[in-house]
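Presented below is the structure to which this report refers.
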Amino acid sequence: MEKSDFQVDGHYAVTLKDGNGKLRPANIYVHHMEDDYMIARNTSGGDVGLLFKLPYGDVVKLVRTHKVLDRKKFMVPEAMLKAKLWETRDSMRTYSSAPGLGK
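Sequential numbering from 49 applies to the sequence shown in our numbering.
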């Protein structure tokens, strides 16, 4: 996939290629996009809430796009999404809130 297939604050059901080359389903929320990768959040599975660096090439198939209402957007401080912070890491566990959900 390419950067143009995604947008910030988009919620997607995708098929990902994991580190072993196996295909895995995932639900992701895109927080930030760079030229080679995006910073996404797992919204289902065992690592719910985990922010991770996802190269566009690891997304094999875009299964479904979910519309995200303004009141359900996840808020993360902009400093946590800077490219310099993500140079040396692949993932980060963080808490974020969605004001419309009372969190």
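The C-beta atom is built at its ideal place from N, Cα and C for all residues, glycine as well.
Check                                                                                                                                                     : Outcome
For the structure I just gave you, are there three or more beta carbon pairs, one from the region 79-92 and one from the region 101-110, closer than 8 Å? : yes
Between the beta-carbon of tyrosine 60 and the beta-carbon of leucine 117, is there less than 8 Å?                                                        : no
For leucine 110, report the span of its beta strand (DSSP E) as first-last.                                                                               : 107-114
Where do the ends of the beta strand (DSSP E) carrying lysine 65 lie?                                                                                     : 59-65
How long is the line joining the alpha carbons of threonine 113 and glutamate 126, rounded to whole angstroms?                                            : 24 Å
Can you tell which of Val108, Val56, Asp138, Met81 has the C-alpha that lies nearest to the C-alpha of alanine 74?                                        : Val108
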